[in-house]
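Numbered according to our numbering, the sequence shown spans residues 72 to 186. For every residue, glycine included, the Cβ atom is placed at its ideal position computed from N, Cα and C. Below: one structure, written as structure tokens.
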Amino acid sequence: LPAPIRLTQLGISSVPTALLEAGRAFGATPMQLLWKVELPSAAPTILAGITQCIMLSLSMVVIAALVGAGGLGVPVVRALNTVQVGMGFEAGFVIVLLAIVLDRISRPADKAAAP
């Protein structure tokens with residue numbers, strides 16, 4: 072299974088039983104338990120799965136370009152084929168920079184979701 076699905080399942084299954092019992096004691100329906108108790112408690116783990124998925128997909132762009140797909144990895148493959156080290160470094164640096172920017176953008180959401 073993909074990482075976001077595994078981490079979502081892990082987050083929901085690791086919700087403390089005391090929280091679930093408190094929700095049931097206050098008369099929450101199963102849907103309310105999911106939306107109001109389980110998902111907020113599992114949010115940090117779910118967001119970690121999303122961040123991991125973003126980083127994994129960025130790591131695959133060069134491999135995808137090697138098998139003929141377009142996208143961010145094409146300049147890296149062209150540089151490899153023509154032995155242009157500078158062009159390959161620039162293209163690889165842009166991919167790494169994009170990964171860093173996306174990681175920094177997702178950090179406030181991780182901090183907001185943390186208990």
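Exercise. Hey, S177 and L118: beta-carbon distance below 8 Å or not?
Worked result: yes
Exercise. For T88, which three-state DSSP category applies?
Worked result: helix
Exercise. Just reading off the alpha helix (DSSP H) that P115 is part of, what are its end residues?
Worked result: 110-130
Exercise. How many Å lie between G142 and P115 at the Cα?
Worked result: 30 Å
For this session: Could you tell me whether the Cβ atoms of L137 and V148 are closer together than 8 Å?
Result: Remark: C-beta atoms of L137 and V148 approach each other more closely than 8 Å.
For this session: Excluding the 5 residues preceding and the 5 following V145 in the sequence, name in chain order all residues of the same chain whose CB lies nearer than 7 Å to its CB.
Result: A136
Exercise. Terminal residues of the continuous alpha helix (DSSP H) containing P146?
Worked result: 145-153
Exercise. Are there 16 or more other CB atoms within 10 angstroms of the CB of T189, so buried, or fewer, so exposed?
Worked result: Missing from the structure shown is residue 189; the chain here goes from 72 to 186 and no further.
For this session: Whole angstroms is fine: what's the gap from Q103's alpha carbon to A170's?
Result: Between Q103 and A170, the alpha-carbon positions lie close to 35 Å from each other.
For this session: Alpha carbon to alpha carbon, how far is A74 from I166? Give it in angstroms, no decimals.
Result: Using only the alpha carbons, I get a separation of about 21 Å.
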